[in-house]
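To keep things clear, I will list the structure first and then write my remarks on it.
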Ligand code: ARG
């Protein structure tokens, strides 16, 4: 990167002294906003095309500008572009390179626009593309979950509340809970994209421009739904970044919860799953260790994404209309959110695909902890006992089981009948794990037939968009 102080800045006209060298570096954004170069050039090509259509540029000028911008893009793509800090940001770097290349015609590109509407346009183009990519990644993770759930429809495990064994469920049903969370995430990003899909270009610095521009046409060229309704709002609005950041925070919260479960389940205490070696590392001191680094890191990354949301809200809260330089601070947290979100999604989809499940361990865990106690209470209710009384009776049976070190299904009928004469031989059907999950047979519940149907519907819901 070229760091020497330059006196030929595009705005040097009203200044008598050169910029302080430290201030120049301090205020420059090219170190990070250069990643927007493709979108900056795409926006400039659309702008020049619109200017020519409105006879603000000639067709010949447009062609020279468009060809020049295309060559600049090729140079940046090839890594042959020298970025300059005195030229501050991606916008002025590209414009200066264009003018060096094609001469004075390059100086006409900035007619009827400002960096304020330009940068807002660049970020929207960037974020629209990234949202599409993120939605594809969420979909890939959802499919990995569906494929896994399909194989685990009959695998019984304990369902937990308070991390205490509550009732038997199937692993397929648990995985489908993850699917639902991700489905909402994917919808949230689609909703957020509707408000990203608005063109700020034409707002110029803040008030619009005196040239007869046609923002509708520029919007059409760039594939935006429509131009912004208000120029002051167009250059200063960053709500779409906040919404994106909030959707990202919720998604990371979900991935963090999944991570927490995988970490617990892969521990020796649970032994429900084994993470593939490819997603774990060892310890430099303890030879026996296989650590679940990937889910731990994803859980950790949720913290920085939440932090970015807070940072961005705080960035915006004190700003008067319209553009302020504060806004330059929106990019690093946004880029970091996008990068870490995409990385976390990718690694998670791969990890779920390679997960090994220990169905025997899960079933054995469900046999402990009196997971079918509610089933016994429901059985008594079916025999005409009010639920509260049934609850009390089963509580006593559980206390006996604890004293004898036995599950309810292992207590002999005579012992169970001590608590209620309504208990008969048929009770054992409801005390089995498979009987328990099969009995929860309605939409949204854990019975294998229901989970199979939920998976089929989920595949259709995904195909819908
Ligand atoms: N680098 C600036 C940003 O990221 C571009 C817009 C600068 N506009 C200005 N009036 N200084 O926000």
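In my numbering, the protein residues as written are 674 to 1138. Virtual Cβ for every residue (Gly too), placed ideally from N, Cα, C.
Practice prompt. Have a look at the DSSP bridge pairing and note the partners of residue 837.
Written response: 834.
Discussion item. With distance defined between alpha-carbon atoms, name the residue in 782, 682, 829, 765 nearest to residue 1108.
Written reply: Closest by alpha carbon: 829.
Worksheet item: When DSSP builds the beta bridges, which residues end up paired with residue 743?
Response: Residue 743 is not bridged to any residue.
Practice prompt. Could you tell me the distance, in whole angstroms, from the CA atom of residue 1017 to the CA atom of residue 971?
Written response: When only Cα atoms are considered, residue 1017 and residue 971 end up about 6 Å apart.
Worksheet item: Any chance the stretch 999 to 1017 sits against the stretch 802 to 816, with 3 or more Cβ pairs inside 8 Å?
Response: Counting C-beta pairs closer than 8 Å gives three or more between the stretch 999 to 1017 and the stretch 802 to 816, which meets the contact rule.
Practice prompt. State buried or exposed for residue 703, treating a residue as buried only when at least 16 other CB atoms are found within 10 Å of its CB.
Written response: Answer is buried; the Cβ neighbour count reaches 16.
Item to complete: Taking only beta-carbon positions, decide if residue 986 is within less than 8 Å of chain D.
Response: Absent from the structure: chain D. Only one protein chain is present.
Discussion item. With the cut-off set at 8 Å, would you say residue 849 and residue 1124 are in Cβ contact?
Written reply: A contact, by the Cβ cut-off of 8 Å.
Practice prompt. For residue 959, count neighbouring C-beta atoms within 10 Å of its own C-beta (all shown protein chains included) and say buried if the count is 16 or more, exposed if not.
Written response: Counting the other Cβ atoms within 10 Å of the Cβ of residue 959 gives fewer than 16, which makes it exposed.
Practice prompt. Tell me, please, which residues DSSP counts as bridged to residue 872.
Written response: Answer is 900, bridged to residue 872.
Worksheet item: Would you report the Cα separation of residue 717 and residue 754, rounded to the nearest angstrom?
Response: In a straight line, the C-alpha of residue 717 is about 18 Å away from that of residue 754.
Discussion item. Is any non-hydrogen atom of the ligand ARG found closer than 7 Å to the C-beta of residue 786, if you look at the structure I gave you?
Written reply: For the ligand ARG, not one heavy atom lies less than 7 Å from the Cβ of residue 786.
Worksheet item: What is the C-beta distance between residue 841 and residue 1136, in whole angstroms, given that I count them as a contact (C-beta under 8 Å)?
Response: The Cβ separation is near 32 Å, so there is no contact.
Worksheet entry | Under 8 Å between C-beta atoms of residue 775 and residue 741 | In this structure, the beta-carbon distance from residue 775 to residue 741 falls below 8 Å.
Discussion item. Whole angstroms are fine: how far does the CA of residue 1025 sit from the CA of residue 950?
Written reply: Each residue's alpha carbon lies about 13 Å from the other.
Practice prompt. Just the C-alpha distance for residue 782 and residue 768, rounded to the nearest angstrom, thanks.
Written response: One C-alpha to the other measures close to 8 Å.
Worksheet entry | residue 998 beta carbon near the ligand ARG (any heavy atom closer than 7 Å) | Yes, the beta carbon of residue 998 sits closer than 7 Å to at least one heavy atom of the ligand ARG.
Worksheet item: In whole angstroms, what is the alpha-carbon distance linking residue 901 and residue 837?
Response: If you take the alpha carbons of residue 901 and residue 837, they lie about 53 Å apart.
Fill in: Residues of its chain near residue 843, where Cβ-Cβ distance is below 8 Å and the 5 sequence neighbours each way are ignored
Taking residue 843 as the centre and dropping the five residues before and after it, the same chain places the C-beta of 825, 826, 827, 828, 829, 830, 1110, 1119, 1121, 1124 closer than 8 Å to its C-beta, in chain order.
Discussion item. Please report the distance separating the alpha-carbon of residue 1079 from that of residue 921.
Written reply: If I take the Cα positions, the gap works out to 46 Å.
Worksheet item: Can you tell me the Cα-Cα spacing of residue 859 and residue 865, whole angstroms?
Response: In a straight line, the C-alpha of residue 859 is about 10 Å away from that of residue 865.
Practice prompt. Please report how far the alpha carbon of residue 1090 lies from the alpha carbon of residue 1045, in whole angstroms.
Written response: Those two C-alpha atoms are separated by around 17 Å.
Worksheet item: Rounded to the nearest angstrom, how far is the Cβ of residue 1093 from that of residue 1028, given a contact under 8 Å?
Response: At roughly 43 Å, the Cβ-Cβ gap does not stay under 8 Å, so residue 1093 and residue 1028 are not in contact.
Worksheet item: Is residue 1117 buried or exposed, if buried means 16 or more other CB atoms sit within 10 Å of its CB?
Response: Counting Cβ neighbours within 10 Å, residue 1117 comes out exposed, since fewer than 16 surround it.
Discussion item. I want to check one thing, is the minimum distance from the CB of residue 887 to the heavy atoms of the ligand ARG below 7 Å?
Written reply: Incorrect: residue 887 has no Cβ contact closer than 7 Å to the ligand ARG.
Discussion item. With a threshold of 8 Å on Cβ separation, who are the neighbours of residue 1131 within its own chain once the five nearest residues in sequence on each side are excluded?
Written reply: 815, 819, 849, 852, 856.
Worksheet entry | Distance cut-off 7 Å: residue 783 Cβ against heavy atoms of the ligand ARG | Not under cutoff, so the answer is no.
Fill in: Check: residue 682 C-beta below 7 Å from any heavy atom of the ligand ARG
For residue 682, the Cβ stays outside the 7 Å cut-off from all heavy atoms of the ligand ARG.
Discussion item. Suppose contacts are defined by Cβ-Cβ distances below 8 Å. Is residue 801 in contact with residue 756 by that definition?
Written reply: Contact flag unset, no.
Discussion item. Give the list of continuous alpha helix (DSSP H) stretches no shorter than 4 residues that lie fully inside the stretch 752 to 833.
Written reply: Runs found: 763 to 775, 788 to 824.
Discussion item. Here's the rule I'm using: 16 or more other beta-carbon atoms within 10 Å means buried, otherwise exposed. How should residue 760 be labelled?
Written reply: With 16 or more Cβ atoms within 10 Å of its Cβ, residue 760 is classed as buried.
Worksheet item: Is the beta carbon of residue 994 less than 8 Å from the beta carbon of residue 904?
Response: The beta carbons of residue 994 and residue 904 sit no closer together than 8 Å.
Worksheet entry | Span of the alpha helix (DSSP H) around residue 1021 | Taken as a continuous stretch (DSSP letters only), the alpha helix (DSSP H) holding residue 1021 covers 1004 to 1026.
Discussion item. If the criterion is Cβ atoms closer than 8 Å, does the pair residue 723 and residue 982 meet it?
Written reply: With contacts defined by Cβ atoms closer than 8 Å, residue 723 and residue 982 do not form a contacting pair.
Discussion item. Helix, strand or coil, according to DSSP, for residue 1041 in the structure here?
Written reply: Coil.
Worksheet item: Helix, strand or coil: which one does DSSP assign to residue 992?
Response: Three-state DSSP puts residue 992 in coil, outside helix and strand.
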